[in-house]
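Peer 1: What follows is a structure written as structure tokens; I'll ask about it next.
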Amino acid sequence: MSDRAASRDVVVAGAGLVGLALAAALARAGLAVTLVDRGPVAAADTGDWDVRVYAISPGNASFLQALGAWQGLSCERIAAIESMRIEGDAGATLSFSAYELGERALAWIVEERALRAALLLQAHAAGVDVVAGGRFAKLAWSVSEGTLALEDGRSYAGRLVVGADGLNSWVRHAAGILAEPRDYGQQGVVANFECEHAHHGCARQWFRDDGGVLAWLPLPGRRISIVWSAPDALARELMALPHDEFRERVAAAGGNALGALKLITPPAAFPLRSLRLPTSVAHRMALVGDAAHGVHPLAGQGVNLGFGDAQALASVLAERGPVADAGAPVLLERFARRRAEPVLAMHTVTDGLARLFGARAPWLRTLRNGGLSAVDRLPMIKRALALPALR
Ligand SMILES: Cc1cc2nc3c(=O)[nH]c(=O)nc-3n(C[C@H](O)[C@H](O)[C@H](O)COP(=O)(O)OP(=O)(O)OC[C@H]3O[C@@H](n4cnc5c(N)ncnc54)[C@H](O)[C@@H]3O)c2cc1C
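In case it helps, this note's numbering puts the sequence shown at residues 16 to 406.
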């Protein structure tokens, strides 16, 4: 076998959920695509509840359905968020319901492993050339293509190279975009529980007076998945607790809203970082997903933004008309323009909320709680706030 494969339209570097969705969408539009990752790409299904779950917006559920991946998920493992209740750190509340907004669900809770498997199946079916176990070593550019070389000597050339390789993107660095993620000083502690009382499809979120945010998301049956965005010291303390004490802390932090909790998936912690870039494109290169933006998980929008990138890039390339070259600057500029506004808006909202609720000044505490209650009484404003998260 030659160590240099024939040139493709697009080489997607990174097979996380966003890279997989992009590769499948591009191949379905008739482009020749290679998808490369250092990992095994497919995750083994253990049957346990995955500790990584995502709240997928209705708009992205439709995108995944168009790719054929949504239909591949077992409906017994998906939960609808039918309503949401947010509590401020001085008792103010804000509630949303899917019914009020004319939607079947505000979002759908899906396990990462299952979604990854469903997307991989569709990538294969669409004809994506999937390369697993390949660590990136070198990116070289010519006028007409980019070539991604792997540490094991294989290399892949494409008219366009897409960095879908996460927050610490190697491709972003190799393309000379040197912005670094900024630490929130918090970690996302995630775990799954069985609960005593039914959750009725309600997601609950508490903005805490220590600057952290606790979210309880419904899983099927009497189960929930939590994301506790906790200041570093608290996150370390929570991770070190024996499981019985951990479940008691989580139950108490949520006001025992669902009665007693039983841990069903042990906790894991992820550092939370923000990333904002001046541009997401360069010569024959585009960035998607966390490689292009890092947002606080308090609104559950990171992978949703990434799917938005994938959808936008795939549609720009599919509709390229007489421009045969998938890496042509005019197409990359079109993609960057299409994504600039939604990415900036989501960044501003999530970053703003993380800072507003992270600040300790008493007047800010009054202001933010007053703001939550005021929005709760204004259906038009509530709707305007909720709609971007549904796309
Ligand atoms: C606690 C927590 C909760 C969250 N909850 C939500 C939620 O409810 N909803 C939501 O929308 N988002 C959520 N997010 C955000 C979400 O996890 C990310 O936005 C999403 O996983 C990013 O996907 P990605 O495909 O862009 O990157 P990644 O998942 O990071 O994938 C990158 C891929 O690139 C590969 N790669 C990287 N470097 C190399 C290299 N050098 N060589 C070869 N391969 C490489 C990796 O192996 C990996 O497969 C949450 C995040 C956290 C931390």
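Glycine included, C-beta positions come from ideal geometry on N, C-alpha and C. These numbers were taken from a predicted model, which means no experiment stands behind them.
Looking only at its chain, what residues have a beta carbon closer than 7 Å to the beta carbon of Gly200, apart from the 5 residues adjacent to it on each side?
Peer 2: Within the same chain, Gly200 has close Cβ partners Pro246 and Asp247.
Peer 1: Under the rule that 16 or more other beta-carbon atoms within 10 Å means buried, what is Cys442, buried or exposed?
Peer 2: The structure shown does not extend to residue 442, since the chain is modelled only from 16 to 406, so the question has no answer here.
Peer 1: With 16 as the cutoff for other CB atoms within 10 Å, does Ser184 come out buried or exposed?
Peer 2: The residue in question, Ser184, is buried, as its Cβ has 16 or more Cβ neighbours within 10 Å.
Peer 1: For Leu79, report the span of its alpha helix (DSSP H) as first-last.
Peer 2: Pro73 to Ala81 is the span of the alpha helix (DSSP H), which, as asked, contains Leu79.
Peer 1: Assuming Gly125 contacts Tyr69 under a Cβ cut-off of 8 Å, what Cβ separation, rounded to an integer in Å, is found between them?
Peer 2: According to the sequence as given, residue 125 is Val; it is not Gly. That pair is a contact at about 6 Å.
Peer 1: So what does Glu126 bridge to, in DSSP terms?
Peer 2: According to DSSP, which records beta bridges pairwise, Glu126 is partnered with Val68.
Peer 1: Measuring CA to CA, which of Val205, Ala343, Ala84 and Glu102 is closest to Ala301?
Peer 2: If we check each option's Cα against that of Ala301, Ala343 comes out closest.
Peer 1: Below 6 Å CB to CB, which residues in the same chain sit around Arg174 once its five sequence neighbours on both sides are set aside?
Peer 2: Same-chain partners within the cutoff: Asp24, Glu160, Asp340, Ala341 and Gly342.
Peer 1: Taking the straight line between their C-alpha atoms, what separation do you get for Phe350 and Arg219?
Peer 2: The straight-line gap from Cα to Cα measures roughly 35 Å.
Peer 1: Going by C-alpha to C-alpha distance, which of Ala164, Phe261, Gln326 and Leu82 sits closest to Ala140?
Peer 2: Measuring from the Cα of Ala140, the nearest candidate turns out to be Leu82.
Peer 1: Should Gly181 be listed as close to ligand 1, given that the test is whether its C-beta is under 7 Å from any heavy atom?
Peer 2: Yes, the beta carbon of Gly181 sits closer than 7 Å to at least one heavy atom of ligand 1.
Peer 1: Would you mind sorting Ala297 into buried or exposed? The rule is 16 or more other CB atoms within 10 Å of its CB.
Peer 2: The residue is buried, with at least 16 neighbouring Cβ atoms inside 10 Å.
Peer 1: From the DSSP output, in three-state form, read off Ser388 for me.
Peer 2: It is helical.
Peer 1: How would you write the range of the alpha helix (DSSP H) that Val265 sits in, first residue to last?
Peer 2: His258 to Ala268 is the extent of the alpha helix (DSSP H) around Val265.
Peer 1: Does the region 132–151 come close enough to the region 92–111 to have 3 or more Cβ pairs within less than 8 Å?
Peer 2: With the cut-off at 8 Å, the region 132–151 and the region 92–111 do not touch.
Peer 1: Starting from Gly33, trace the alpha helix (DSSP H) in both directions and tell me its first and last residue.
Peer 2: In the sequence as displayed, the identity of residue 33 is Val instead of Gly. Leu32 to Arg43 is the span of the alpha helix (DSSP H), which, as asked, contains Val33.
Peer 1: Would you check if the distance between the CB atom of Leu278 and the CB atom of Phe208 is smaller than 8 Å?
Peer 2: It is a contact, given that the beta carbons lie within the stated cut-off.
Peer 1: Specify whether the region 51–64 and the region 105–120 touch according to this definition: at least 3 beta carbon pairs, one from each stretch, less than 8 Å apart.
Peer 2: In short, these stretches do not touch, since the Cβ pair count stays below three.
Peer 1: Does the beta-carbon of Cys210 have 16 or more other beta-carbons within 10 angstroms, so that it is buried, or is it exposed?
Peer 2: Buried, by the Cβ-count rule.
Peer 1: Mind checking Gln316: buried by the 16 CB within 10 Å criterion, or exposed?
Peer 2: The residue in question, Gln316, is buried, as its Cβ has 16 or more Cβ neighbours within 10 Å.
Peer 1: If you run the structure through DSSP and keep just helix, strand and coil, what is Val27?
Peer 2: It is a strand residue.
Peer 1: I'd like to check one pair, Ala268 with Leu313: are the Cβ atoms closer than 8 Å?
Peer 2: No, Cβ-Cβ distance for Leu313 and Ala268 is not below 8 Å.
Peer 1: Within 10 Å of its beta-carbon, does Asp198 have 16 or more other beta-carbons around it, so buried, or fewer, so exposed?
Peer 2: By the neighbour-count rule (16 or more Cβ atoms within 10 Å), Asp198 is not buried but exposed.
Peer 1: Suppose you measure from the CA of Gly168 to the CA of Leu154; what does that come to, to the nearest Å?
Peer 2: Distance between the alpha carbons of Gly168 and Leu154 is about 12 Å.
Peer 1: Take every Cβ of the region 278–292, pair it with every Cβ of the region 326–337, and state whether three or more of those distances are shorter than 8 Å.
Peer 2: Flag = no, the region 278–292 and the region 326–337 do not touch.
Peer 1: When DSSP labels each residue in this structure, what does Pro235 get in the three-state scheme?
Peer 2: Reduced to three states, the DSSP call for Pro235 is coil.
Peer 1: Measuring only from the beta carbon, is Asp366 closer than 7 Å to any heavy atom that is part of ligand 1?
Peer 2: No, the beta carbon of Asp366 sits no closer than 7 Å to any heavy atom of ligand 1.
Peer 1: Throw me the rounded Cβ distance for the Val303 and Val177 pair, which I believe falls under 8 Å.
Peer 2: Right, their Cβ atoms sit about 6 Å apart.
Peer 1: Output the distance between the C-alpha atoms of Leu135 and Ser72, rounded to the nearest integer angstrom.
Peer 2: Near 20 Å, if we compare the C-alpha coordinates of Ser72 and Leu135.
Peer 1: On the DSSP bridge list, what partners appear for Ala297?
Peer 2: Partner(s): Met300.
Peer 1: Thinking C-beta only, is Arg187 closer than 8 Å to Ala306?
Peer 2: Taking 8 Å as the Cβ cut-off, Ala306 and Arg187 qualify as a contacting pair.
Peer 1: Closer than 7 Å: is that where the CB of Asn207 sits relative to any heavy atom of ligand 1?
Peer 2: False, no ligand heavy atom lies under 7 Å from that Cβ.
Peer 1: By DSSP, does Thr108 sit in helix, in strand, or in coil?
Peer 2: The answer is strand: DSSP assigns Thr108 an E or B state.
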